[in-house]
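In the numbering used here, the protein residues as written are 11 to 406.
Report on one structure; see the data block that follows.
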């Protein structure tokens, strides 16, 4: 019995110790939690500024000049004197067509000219002999007229022979095909030994492109054209933009490559087609960009980004501060006392860099939670610090 009493006593003591330990730990944890400092939540003030709206148009790159290299005479290609894809200079020899038949034609025309000149000399001598005799009535007038006619015909034969010789020399010169401009030459369409200059054989042998500046051609729809035109007119009236007929147009276009990188050089509109295509409702536009380093090549696809409108005193909020649920957008607004209120907002269709443009729901001077959205909730009071949002883009 004594043994049972001792065991019961031990169990009671153990249970009491366990209960005391549990309640003691809970109390310590509660005290520790109340002593932890409250985390500061970064908030930022909404930005009010004029917001330029941009749009991107997909286009294709062309050289400032894309000159096809043609064979203007027929014959077998005798030589190629350039490296494909390299720079060539104006007047540089590119191709040579077999000149034998054209050299022979020049020689024949030279002989015909020499023969015509001999005939002219003979006719001139006859006239010089007959004319004094005719003045003395020693020969008939018909003989004089015949001599005059013979000399005139001989002079015409000489002129015709000279023209034929020039034409033959020109054709011989066409056997040497040179570059018409400074530029980059492409891949040859004909090989040595191939007959060129007549369909179905190659007539256009290659293309030389001038690429110190490049053109980007793209189509825009009628609505975008109207917005772009109205914006340009408004800027001209406000004196912030040069007139469209200015000799030095303003460079304000961005070029975006296929890897989404933005070209370092700005461009300008160079050409707008005279009419809108009635079938597609689009109009052709050409923009020009400098290409001093030769990075851009004809045939590339690229996007041209242009400002098409400006929202006066637009409201901007960082994209990271906006919450989205089932197509509805909201932010946490914080008052001076640190009280949080969830506010529904309406976003504009256009984003601006890493900001959203707000159409309604916010006003000037209001502050919103920038980071730690998961740490706050509706109606809570937080400790906050006001920070300035650092955009990854310049000029915001």
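All C-beta atoms, glycine included, are put in the ideal place defined by N, C-alpha and C.
Here the structure is a predicted model, which means the values were calculated and not measured.
Inset, instruction - Assign residue 264 to one of two classes, buried (16 or more other C-beta atoms within 10 Å of its C-beta) or exposed (fewer than that). - result: Residue 264 is buried by the Cβ-count criterion.
Legend entry - Exposed unless 16 or more other CB atoms sit within 10 angstroms - verdict on residue 119: Around the beta carbon of residue 119, a 10 Å sphere encloses 16 or more other beta carbons of the protein chains shown; the residue is thus reported as buried.
Inset, instruction - With a 10 Å radius around its C-beta and 16 neighbouring C-beta atoms as the bar for buried, classify residue 180 as buried or exposed. - result: Classification of residue 180: exposed, given that the 10 Å Cβ count is below 16.
Legend entry - Check whether residue 319 and residue 63 have beta carbons under 8 Å apart: Residue 63 is positioned such that its CB atom lies closer than 8 Å to that of residue 319.
Inset, instruction - Would you list the residues sitting across from residue 396 in a DSSP beta bridge? - result: According to DSSP, residue 396 bridges with 53.
Legend entry - Cβ pair residue 304, residue 71 closer than 8 Å: Cβ distance not < 8 Å, so residue 304 and residue 71 don't count as in contact.
Legend entry - Exposure label - residue 15; buried when at least 16 CB within 10 Å: Legend: pLDDT at residue 15 = 43, less than 50; position of this residue unreliable, no value from coordinates given.
Legend entry - Neighbour-count burial assignment, residue 270, 16 or more Cβ in a 10 Å radius: With fewer than 16 Cβ atoms within 10 Å of its Cβ, residue 270 is classed as exposed.
Inset, instruction - Would you decide whether residue 35 is buried or exposed? Buried here means 16 or more other CB atoms lie within 10 Å of its CB. - result: Because the pLDDT at residue 35 is just 48, under 50, the model does not fix this residue reliably, and the value given afterwards should be weighed accordingly. With fewer than 16 other Cβ atoms from the protein chains shown falling within 10 Å of its own Cβ, residue 35 counts as exposed.
Legend entry - Distance between beta carbons of residue 401 and residue 364, contact taken as under 8 Å: Between residue 401 and residue 364 the Cβ distance is about 6 Å, and since that is below 8 Å, they are a contact.
Inset, instruction - Give me the Cα-Cα distance between residue 47 and residue 348, rounded to the nearest whole angstrom. - result: Per-residue confidence for residue 47 stands at a pLDDT of 49, beneath the threshold of 50, marking its modelled position as unreliable; the derived number appears in the next sentence. Rounded to the nearest angstrom, the gap between the Cα atoms of residue 47 and residue 348 is 16 Å.
Inset, instruction - Would you check if there are 3 or more beta carbon pairs closer than 8 Å linking the region 313 to 327 to the region 238 to 248? - result: Three or more beta-carbon pairs drawn from the region 313 to 327 and the region 238 to 248 are found closer than 8 Å, and the two stretches are therefore classed as touching.
Inset, instruction - Excluding the 5 residues preceding and the 5 following residue 65 in the sequence, name in chain order all residues of the same chain whose CB lies nearer than 6 Å to its CB. - result: Taken in chain order, the residues that qualify are 318.
Legend entry - 8 Å Cβ cutoff met for residue 59 and residue 372: By the CB criterion at 8 Å, residue 59 and residue 372 fall outside the cutoff.
Inset, instruction - Name the residue from 351, 214, 69 and 85 whose alpha carbon lies nearest to the alpha carbon of residue 111. - result: Nearest C-alpha to residue 111: 85.
Legend entry - At least 3 beta-carbon pairs within less than 8 Å: the region 209 to 222 vs the region 272 to 292: By the criterion of at least three beta-carbon pairs nearer than 8 Å, the region 209 to 222 is not in contact with the region 272 to 292.
Legend entry - Three-state secondary structure (DSSP) of residue 105: Looking at residue 105 - three-state DSSP - the assignment turns out to be strand.
Inset, instruction - Give the DSSP-derived three-state secondary structure of residue 234 in the structure shown. - result: Looking at residue 234 - three-state DSSP - the assignment turns out to be helix.
Legend entry - Given 8 Å, three or more beta-carbon pairs between the region 120 to 138 and the region 229 to 237: As far as the Cβ criterion goes, the region 120 to 138 does not touch the region 229 to 237, which means the pair count is below three.
Inset, instruction - Would you mind stating whether residue 187 and residue 92 have Cβ atoms separated by less than 8 Å? - result: Using a Cβ distance threshold of 8 Å, residue 187 and residue 92 do not count as a contacting pair.
Inset, instruction - Give the DSSP bridge partners of residue 272, in chain order. - result: Partner(s): 266.
Legend entry - CA-to-CA distance, residue 312 to residue 182, given in whole angstroms: Rounded to whole angstroms, residue 182 to residue 312 spans 43 Å at the Cα level.
Inset, instruction - Flag residue 72 as yes when its Cβ comes closer than 7 Å to any non-hydrogen atom of the ligand HEM, and as no otherwise. - result: Ligands are entirely absent from the displayed structure, and the ligand HEM is therefore not among its contents.
Legend entry - alpha helix (DSSP H) segment containing residue 198, residue limits: Per DSSP, residue 198 belongs to no alpha helix (DSSP H) and is neither H nor E.
Legend entry - Cα-Cα separation, residue 389 to residue 356: Rounded to the nearest angstrom, the two C-alpha atoms are 22 Å apart.
Legend entry - Residue burial classification, residue 281 (beta-carbon count within 10 angstroms, cutoff 16): Here residue 281 is exposed. Its C-beta has fewer than 16 other C-beta atoms within 10 Å.
Inset, instruction - May I ask you to report which of helix, strand or coil DSSP gives residue 135? - result: In the displayed model, residue 135 falls within a helix according to three-state DSSP.
Inset, instruction - Reducing DSSP to helix, strand and coil, say where residue 180 ends up. - result: The answer is helix: DSSP assigns residue 180 an H, G or I state.
Inset, instruction - Classify residue 153 as helix, strand or coil using the three-state DSSP reduction. - result: In the structure shown, residue 153 sits in a helix (DSSP, three-state: H, G or I).
Inset, instruction - Output the distance between the C-alpha atoms of residue 423 and residue 283, rounded to the nearest integer angstrom. - result: Outside the displayed range of the chain (11 to 406) lies residue 423, so it cannot be described from this structure.
Inset, instruction - Just the C-alpha distance for residue 207 and residue 82, rounded to the nearest angstrom, thanks. - result: Distance between the alpha carbons of residue 207 and residue 82 is about 6 Å.
Inset, instruction - Return the first residue and the last residue of the beta strand (DSSP E) that residue 300 is part of. - result: Here the beta strand (DSSP E) through residue 300 covers 292 to 300.
Inset, instruction - In the DSSP assignment, find the beta strand (DSSP E) that holds residue 92 and state where it starts and stops. - result: It is not in any beta strand (DSSP E) - residue 92 carries neither H nor E in the DSSP assignment.
Inset, instruction - Look up residue 119 in the DSSP assignment and say whether it is helix, strand or coil. - result: In the structure shown, residue 119 sits in a helix (DSSP, three-state: H, G or I).
Legend entry - beta strand (DSSP E) segment containing residue 321, residue limits: For residue 321, the enclosing beta strand (DSSP E) covers residues 311 to 328.
Inset, instruction - Classify residue 277 as helix, strand or coil using the three-state DSSP reduction. - result: Strand, per DSSP.
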